[in-house]
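Following: one structure in structure tokens, then a few remarks.
There are 2 protein chains.
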Amino acid sequence: MYRIIENGGICTPKGFLASGIKAGIKVSGNMDMALLHTEKAARCFAVSTTNKVKAAPVLYNNSVLEHAHFASAIVINSGNANACTGLQGYLDSEKMALMVEEGLELTPKSALVCSTGVIGKNLEMNKIEAGIPKLIQNLSPDASLDFAKAILTTDLTTKSLAAEIETKAGKIYIGGACKGSGMIHPNMATMLAFITTDIGLPIDFFAEFRANIDDSFNAITVDGDTSTNDTCIMLANGMSDIQYGDLSLSEQGEFRTALNLLMKELAKSIVRDGEGATKLIEIKVENAESRQDALKMARFIGTSNLAKCAMFGEDPNWGRILSSAGASGVNMVVEQTDLFFNDVQVLSKGTPLIIDKEILNAIVRQKEYVVTLVLNMGYASASAYTCDLSYDYVKINAEYTT
Amino acid sequence: MYRIIENGGICTPKGFLASGIKAGIKVSGNMDMALLHTEKAARCFAVSTTNKVKAAPVLYNNSVLEHAHFASAIVINSGNANACTGLQGYLDSEKMALMVEEGLELTPKSALVCSTGVIGKNLEMNKIEAGIPKLIQNLSPDASLDFAKAILTTDLTTKSLAAEIETKAGKIYIGGACKGSGMIHPNMATMLAFITTDIGLPIDFFAEFRANIDDSFNAITVDGDTSTNDTCIMLANGMSDIQYGDLSLSEQGEFRTALNLLMKELAKSIVRDGEGATKLIEIKVENAESRQDALKMARFIGTSNLAKCAMFGEDPNWGRILSSAGASGVNMVVEQTDLFFNDVQVLSKGTPLIIDKEILNAIVRQKEYVVTLVLNMGYASASAYTCDLSYDYVKINAEYTT
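Here the protein sequences line up with chains W and S, keeping their order.
Taken in order, the first sequence gives residues 0 to 401; the numbers are from numbering that gives the first Met the number 0.
Taken in order, the second sequence gives residues 0 to 401; the numbers are from numbering that gives the first Met the number 0.
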């Protein structure tokens, strides 16, 4: 049995401390440095951007995690992405990790680093170096919200959540916080997500974590751009004294379901807070030949500007959705395809049905709805989560100049 | 030696007749049917949409061209794409071809069909059937402009051009007309392009034609959506009495250059007239490992909403361009990469140069400029042509509801 803890966060699982402070990196004066620390070194799972242009902290973490699969701390700064900053950028990331390791008396290479913000500008290391001791000093089990605030760039809301799973052996907790690809100030970038849990996880749980990322953070799209800094890190410190392997199969299933749900909800909260977004739309592709096909098509439709403008205009424009599906490169046969807005079918085996326009209009006027494309080609399904494309998206991304 | 004939068009080459009429398909009452006819059957090269959702006329042409490589006529209607219209749609396309073949006393399967407009609505065949005799009646060698007008949907300008090539054997002409993916009314779709020439071309010239399409119509992007109807057809009727094989190698080169230029200029005119477009930007990728890589990256950057919003905002935002390049999936090494706005270098081997902001601002305020990314990975280059993403794009695609 599991339940979502709405006001929970990164520190809800046992043994996790966090902090968030104002280091003076952001012009706004908002909090811009955060620290996450686990009292016991945690099994670490990490997935980072596939962009060939990788920011210094991404390169640094990759090099650390090549040799170690445990971590005790993650230090984050917002306001500057430390991307396209050459060797100096890499040395700066390394320095941040080193200062945290020394300050917390950790073993070498047990701290990770994330940055988010402006591209192409070196970090003001005097501010960072002054911030780290303060972060350490402020560490607290009650700072989930401070942490969630300090990692934001131009997001309008914090994104934080926790889950509790009851097992025979006791309670397990999962916590999470993330920030979106708000890019109000040009060159801003990055989706960052952090997941904590007090269960002990085996190293081969990575496959499950990876699959969950495809289901959640990889399934969302605001504008189709993959940033230089995107990172999702999960820390499992085992401090509940419960090991995954000790759970019954059904309890393991509960844990996986809770983790999947938590990651999906965090991901959806990024879309809801997408630049200029007024709606959250799930694009579901069912009965595709493979899960990859389903995901590819769902994501492709989710990034179609034409479809996204129609969503903003509250127009039940199935033609654009079908055309975008066909352009995705995924195998489909129009004469076999069904299409739904929520439960209302608009296309049956490729033939348009005659639907009362008002019924469809009522659906697309909602804040959240589901578009389902049934390919009838196989047995695989997947969803993508997207927002509409509004005037504000253009405004945000055109008017604020560097 | 070749020259561009600005006021030339589809009928400039010898033996081509055209017409454009009002058949009452468009609510606006504008011209909505066009016919192209060559007095002598022409070698036909055609490339159509890769979208899995293909409109009826695309399916019809594909089936005709599987067996024949000659055509004598192309009949076009605008205002209705005849897409997602099932068997009836296919029969309607067939009927259109048949009526043209009968009316012009052509051999069976020598007329092709194109449609552009609303998706998911069957053609009003009574209007089409009344239009075809009128089209035939109006055929004229002076109707290039009528033809160019009648194929438009929501384009703001006609797109028509011709070229003259002087050879020792005499003059050869190439003509062209196209329409863009103006999608002001939702569900509108389609890029259509028609090229005529009075030279005789061998069947294996198709490879050259295909390469030119990659350079021109496949290199442009307004919003990244591939429609259900996109088609480019070239007719070579040989009525200049000059065969390609008779030309000297340098004359063949001139012909190819003129054809490439004409197709590129037609393609660029589509971008200039893109929905809400205020600028035409060439994204040039140089020294990539392969031409495919260069084209893939250039097109990827050209469809980045973030980059396109920055162009609209007249912001020389090289960070977004570099990040988009990295996300394209093409092999690159940041530390080897140079970036230019026109002739002004902003990035040298991955390191930002200190540039007077006013110099860059002056460039991005221009109506047309070039962004060049030099990868220094190999010897291949390619360009994509894109427009900016403006409020009007969103307005056009959101506010006009079905």
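A virtual CB, placed ideally from N, CA and C, is assigned to each residue, including glycine.
Output yes or no for whether 8 angstroms exceeds the beta carbon distance between G169 of chain W and S239 of chain W.
yes
Indicate the three-state DSSP secondary structure (helix, strand or coil) for L352 of chain S in the structure shown.
coil
Using the Cβ count rule (16 or more neighbours within 10 Å means buried), how would you classify M262 of chain W?
buried
Using the beta-carbon of each residue, which ones in chain W are nearer than 7 angstroms to T350 of chain S?
G85
Taking just the CA atoms, how far does A129 of chain S sit from A257 of chain S?
38 angstroms
Identify, in the order they occur along the chain, each residue of the same chain with its Cβ nearer than 6 angstroms to the Cβ of K108 of chain S, setting aside the five sequence neighbours on each side.
V63, A67
Residues near E165 of chain W in its chain [Cβ-Cβ closer than 6 angstroms; skip 5 each side]:
M0
Three-state secondary structure assigned by DSSP to T84 of chain W:
coil
What is the residue span of the beta strand (DSSP E) that M337 of chain S lies within?
Here the sequence assigns Asp to residue 337 of chain S, which means Met is not the residue at that position. Per DSSP, D337 of chain S belongs to the beta strand (DSSP E) from 337-340.
State buried or exposed for Y407 of chain W, treating a residue as buried only when at least 16 other CB atoms are found within 10 Å of its CB.
Within the shown structure, residues of chain W are numbered from 0 to 401, placing residue 407 of chain W beyond reach of any answer.
Output, in chain order, the set of chain W residues within a Cβ distance shorter than 7 angstroms of I3 of chain S.
Correct list: empty, because the minimum Cβ distance to chain W is about 33 angstroms.
Under three-state DSSP, which class holds I20 of chain W?
strand
Beta strand (DSSP E) containing S143 of chain S: first to last residue?
From DSSP, S143 of chain S is part of no beta strand (DSSP E) but of the alpha helix (DSSP H) over 143-149.
Contiguous alpha helix (DSSP H) assignments of at least 4 residues, all confined to the stretch 54-80 of chain W
55-64
Taking beta-carbon pairs under 9 angstroms, can you tell me which members of the stretch 329-347 of chain W lie near chain S?
V329, N330, M331, V332, V333, E334, T336, L346
Helix, strand or coil for Q291 of chain W per DSSP?
helix
Determine the extent of the alpha helix (DSSP H) in which G252 of chain S is found, giving its start and end residues.
248-271
Using a C-beta cutoff of 8 angstroms, does Y405 of chain S count as contacting chain W?
Because chain S spans 0 through 401 in this model, residue 405 of chain S falls outside it and cannot be assessed.
Should the stretch 135-153 of chain W be regarded as contacting the stretch 25-36 of chain W, the criterion being three or more beta carbon pairs within less than 8 angstroms?
yes
Quick one: is L321 of chain S near chain W, going by C-beta distance under 8 angstroms?
yes
Using only the alpha-carbon positions, how far apart do D229 of chain W and N29 of chain W sit?
22 angstroms
Nearest neighbour of R319 of chain S, chosen from W:G116, W:D314, W:V332 [CA to CA]
W:G116
Assigned secondary structure, N360 of chain S (DSSP; H/G/I helix, E/B strand, else coil)
helix
Identity of the residue in W:I9, W:V112, W:I24 nearest A17 of chain W by Cα:
W:I9
Cα separation between P201 of chain W and S143 of chain W?
26 angstroms
Just to make sure I have the definition right: I need the residues of chain W whose C-beta is within less than 7 angstroms of the C-beta of N50 of chain S. Which are they?
S322, G325, A326
I need the boundaries of the beta strand (DSSP E) containing E5 of chain W, first residue and last residue.
Run containing E5 of chain W: none; DSSP gives neither H nor E here.
Report the rounded CA-to-CA distance for G301 of chain S versus L294 of chain S, giving the unit in angstroms.
10 angstroms
Under a Cβ-count criterion, where at least 16 other Cβ atoms within 10 Å of its own Cβ denotes burial, should K267 of chain S be classed as buried or exposed?
buried
Terminal residues of the continuous alpha helix (DSSP H) containing M124 of chain W?
124-136
Using a Cβ-Cβ cut-off of less than 7 angstroms, list which residues of the stretch 296-314 of chain S approach chain W; keep chain order.
S303, N304, L305, C308, A309, F311, G312, D314
Any beta carbon from chain W within less than 8 angstroms of Y384 of chain S's own beta carbon?
no
May I have the straight-line CA-CA distance separating L97 of chain W from A235 of chain W, to the nearest angstrom?
22 angstroms
DSSP three-state call for I212 of chain W: helix, strand or coil?
helix
Using a cut-off of 7 angstroms between C-beta atoms, extract the partners of T477 of chain S located in chain W.
A question about residue 477 of chain S goes unanswered here, because the residues of chain S that appear run from 0 up to 401.
For A306 of chain S, tell me which candidate among S:A41, S:K278, S:K94, S:S27 has the shortest Cα-Cα distance.
S:K278
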